[in-house]
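In my numbering, the protein residues as written are 272 to 358.
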């Protein structure tokens, strides 16, 4: 259980860093926030932009799927497309 949580955290961090590398303006903004907050004597300050970056990265790259796959119980036609029965 603990190793699963650590692996998920590591994967989430890797995706956050990958997204920051793809978006240099966001990375610069986040760097300025770190310099402003950590440059002060308080380290318990709320870092609003960091919170947004983490949430956006998790939204793009879910570490674990939240839903089970869906399957059709019978053949369904949607427009010209046919969704075949999966059971």
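Glycine included, each C-beta is placed from N, C-alpha and C at the ideal position.
Beta-carbon within less than 6 Å of residue 286's beta-carbon, same chain only, minus the 5 sequence neighbours each way: which residues are those? Closer than 6 Å at the Cβ level, and outside the excluded window around residue 286, lie 328, 332.
If you reduce the DSSP assignment to three classes, tell me which class residue 333 lands in. Of the three classes helix, strand and coil, the one that applies to residue 333 here is coil, per DSSP.
Quick check on residue 346: does DSSP put it in helix, strand or coil? The three-state reading of DSSP puts residue 346 in coil, since its state is none of H, G, I, E or B.
Can you tell me whether residue 324 is buried or exposed, with buried defined as 16 or more other CB within 10 angstroms of its CB? Here residue 324 is buried, its C-beta having at least 16 other C-beta atoms within 10 Å.
Euclidean distance between Cα positions of residue 293 and residue 355: Rounded to the nearest angstrom, the two C-alpha atoms are 38 Å apart.
Expected contact under 8 Å - CB spacing of residue 320 and residue 304 to nearest Å: Cβ atoms of residue 320 and residue 304 come within 8 Å of each other, at about 5 Å.
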